[in-house]
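Working notes, beginning with the structure itself.
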Amino acid sequence: MAPTTEELLKAQKLIDDIILEKNCGPIFVRLAWHDSGTFDKDVQGEWPAAGGANGSIRFAPEINHGANAGLINAVKLLEPVKEACPTVSYADIFQMSSARAIALAGGPAIDMKYGRLDTSAPEQCPPEGNLPDGNANPETQEFGGAGGTKPTVSKSAEGHLRAVFHRMGLSDEDIVALSGAHTLGRAYKDRSGEGAESTKFTTGPQTRADGTEANYKKGGSSWTTNFLQFDNSYFKIMSDESADPELLKLATDKIIFVDPDFKPFAEKFRDDQDAFFQSYAAAHKKLSELGSKFEPAEGIKL
5 MAPTTEELLK
15 AQKLIDDIIL
25 EKNCGPIFVR
35 LAWHDSGTFD
45 KDVQGEWPAA
55 GGANGSIRFA
65 PEINHGANAG
75 LINAVKLLEP
85 VKEACPTVSY
95 ADIFQMSSAR
105 AIALAGGPAI
115 DMKYGRLDTS
125 APEQCPPEGN
135 LPDGNANPET
145 QEFGGAGGTK
155 PTVSKSAEGH
165 LRAVFHRMGL
175 SDEDIVALSG
185 AHTLGRAYKD
195 RSGEGAESTK
205 FTTGPQTRAD
215 GTEANYKKGG
225 SSWTTNFLQF
235 DNSYFKIMSD
245 ESADPELLKL
255 ATDKIIFVDP
265 DFKPFAEKFR
275 DDQDAFFQSY
285 AAAHKKLSEL
295 GSKFEPAEGI
305 KL
């Protein structure tokens with residue numbers, strides 16, 4: 005049964021309340037992206053063979069994939085929304101939570117649509133290995149690997165990013181715009197394997213976009229000084245060689261100001277926040293619909 009507009013609005017209100025109470029928007033962005041980011045445009049077969057935004061991340065083995073460490077906590081936070089709004093799919097709830105996290109952090113409104121169908125069994129989970137690395141494996145000095153639906157292994161950060169995102173059907177501009185979402189959130193050693201135990205930015209006060217001071221769980225490493233606000237500060241920090249060394253800069257972050265095809269977009273987004281917001285909103289929408297099957301087919305707008 006397709007959800008009603010009223011049921012979707014109810015789910016949105018519940019999600020907003022969770023984000024504002026827990027200040028957990030960044031993990032909701034990561035959850036949604038890791039659900040949709042498994043998509044492979046070249047995989048043939050009936051839905052959901054190609055992966056994508058279909059709610060499969062709630063199942064083991066997918067939730068236990070290395071790249072998804074810690075995301076079970078996000079799934080658990082959203083379970084009450086599913087219980088209260090049973091006609092809204094997990095796939096919709098995950099993608100809605102990501103879009104709402106961006107909006108409540110001061111980012112752009114994203115032209116979302118709903119009505120995604122859910123996968124129904126663990127057997128429909130995609131293989132492990134389709135998601136991007138932040139740094140090269142210290143032993144092999146390579147990014148990615150031979151797993152997933154096709155190899156993403158590369159000696160270079162830019163080669164790896166393109167192998168991952170071009171497989172989804174996304175462009176170089178999309179790659180750079182989506183990288184800008186690192187303006188939100190933190191990396192943790194026990195999840196991504198990156199970052200420090202804590203920094204002065206992840207133990208000190210944080211202010212939300214609405215101006216209120218946020219009560220949050222301390223720790224990890226952030227890319228930006230205000231990691232609960234969505235703006236273009238990520239691009240300013242990545243291009244600043246004198247930026248505070250406690251701020252995180254992964255190889256796949258730094259490459260956007262080095263690679264000749266990424267660099268023009270990175271510079272544009274650094275200098276023009278409106279341009280970043282426009283490109284980001286378009287890329288986020290694309291990502292949120294990868295591999296989705298909608299009922300009704302045209303989707304439901306709020």
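Residue numbers (our numbering): 5 to 306. By construction, the Cβ of each residue, glycine as well, lies at the ideal position given by its N, Cα and C atoms. Note that this is a predicted model, so its numbers are computed, not measured.
Contact check, residue i vs residue j under 8 Å by CB: the rounded distance?
i	j	result
A57	L294	6 Å
P65	L188	Between L188 and P65 the Cβ distance is about 28 Å, and since that is not below 8 Å, they are no contact.
K289	M116	7 Å
G303	Y118	6 Å
A107	K14	No, A107 and K14 are not in contact; Cβ-Cβ is about 17 Å, not under 8 Å.
N27	Y220	5 Å
On a Cα-Cα basis, can you pick out the residue from the options that is closest to residue i?
i	options	result
G223	E198, P268, L182	E198
T123	V262, W51, A287, P249	W51
A191	A73, P209, D20, D46	A73
P90	L12, S40, D276, E127	L12
M172	I23, K154, C129	K154
K86	A301, E250, L18	L18
E299	I114, V33, L121, A88	L121
S160	E146, F239, G151, G215	E146
F261	S226, T207, S196, E162	E162
S292	H38, N27, E245	H38
R34	A279, E177, A71, D176	A71
D21	D263, C129, P84	P84
In the structure shown, what three-state DSSP assignment does residue i receive?
i	result
S283	helix
E217	strand
A105	helix
T42	coil
T9	helix
T203	coil
R274	helix
H120	Residue identity differs from the one stated: residue 120 is Arg in this sequence, not His. In this structure, R120 counts as strand in the three-state DSSP scheme.
Q99	helix
S60	helix
F231	coil
F147	strand
F298	strand
S93	coil
S158	strand
T256	helix
G70	helix
P131	coil
E293	helix
D263	coil
V167	With the sequence shown as reference, residue 167 is identified as Ala, and Val is not the correct amino acid for it. If DSSP states are grouped into helix, strand and coil, A167 belongs with the helices.
A185	helix
From the DSSP output, which residues share a beta bridge with residue i?
i	result
S225	A191
S237	DSSP lists no partner for S237.
I304	Y118
Q210	A218
Any heavy atom of the ligand ZN inside 7 Å of the beta-carbon of residue i?
i	result
W227	Looking at this structure, you won't find the ligand ZN or any other ligand, since it has none at all.
* **the region 135-143 / the region 158-177 touching (three or more Cβ pairs under 8 Å)** => yes
* Asked: How about the region 78-96 and the region 190-207: do they share at least three Cβ pairs that are nearer than 8 Å?
  -> no
* To do: Give a yes or no on contact between the region 215-230 and the region 176-193, applying the rule of three or more CB pairs nearer than 8 Å.
  => yes
* Validate contact between the region 176-184 and the region 273-287 using beta carbons, cut 8 Å, 3 pairs -> yes
* Does the region 250-264 touch the region 139-156, meaning 3 or more C-beta pairs lie closer than 8 Å? -> yes
* Asked: If we count Cβ pairs, one from each stretch, closer than 8 Å, do we get three or more for the region 258-278 versus the region 233-242?
  -> yes
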